[in-house]
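A.B. asks: Numbering (the working numbering), first residue to last: 3 to 150.
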Ligand SMILES: [Zn+2]
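(1) Have a look at residue 74 and residue 129 and give me their C-alpha separation to the nearest angstrom.
(2) DSSP on residue 21, reduced to helix/strand/coil?
(3) Between residue 151 and ligand 1, is there a pair consisting of the residue's CB and a ligand heavy atom that are separated by less than 8 Å?
(4) What does DSSP give as the partner residues of residue 94 in its beta bridges?
(5) Name, in chain order, the residues that DSSP records as bridge partners for residue 148.
(6) Pick from 43, 147, 108, 4: whose alpha carbon is nearest that of residue 29?
(7) If you measure from the CB of residue 123, is any heavy atom of ligand 1 nearer than 8 Å?
(8) Do residue 100 and residue 145 count as a contact pair if the criterion is CB distance below 9 Å?
(9) Can you tell me which of the three DSSP states residue 153 falls into?
(10) Pick out whichever of 38, 34, 61, 80 has its Cα sitting closest to the Cα of residue 141.
(11) Would you be able to state if there are at least three C-beta pairs under 8 Å between the region 85 to 99 and the region 33 to 47?
(12) Taking residue 133 as part of the alpha helix (DSSP H), name the residues at either end of that continuous run.
(13) Let me confirm a value: residue 136 is counted as buried when at least 16 other C-beta atoms fall within 10 Å, else exposed. Which label applies?
(14) For the beta strand (DSSP E) holding residue 118, just list the boundary residues, first then last.
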């Protein structure tokens, strides 16, 4: 359903192999469970809890890029679903602020190019309240109830 290739915008990414209807399950993120002290922050990692991360799985889930206007999000746990219809060979993206929530995270610059681009990818806790409300349904479960 998806494949990895070098994209024009931000290097390697994951793309739809064919038309994907809204609501389709795209992939489930996996990888070794790590505490922050065990994470190689230079390598792929996904925060999934207060002090809990997934390390690289070596599979497609390691290569999905961020967008401030993503076409995929976490609907059930670590399962990524299509938020809308996705065209053939369109890049699959999710909003990294739906997973990151580190107290000391300074963020990183975003050049996703969307009209809604926030300029910097920040922790969920550091988002403007209205942005957080918009992202909440697609955020990881550990974040949904934490900041109400
Ligand atoms: Zn952006």
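Just so you know, even glycine gets a beta-carbon here, dropped at the ideal spot from N, CA and C.
C.D. replies: Short version:
(1) 19 Å
(2) coil
(3) The shown model of the chain, from 3 to 150, leaves out residue 151, and the question about it has no answer.
(4) 16
(5) Residue 148 pairs with nothing; no bridge assigned.
(6) 4
(7) yes
(8) yes
(9) There is simply no residue 153 to check, as the chain begins at 3 and stops at 150 in what is shown.
(10) 80
(11) no
(12) 131 to 137
(13) exposed
(14) Element bounds for residue 118: n/a, residue is neither H nor E.
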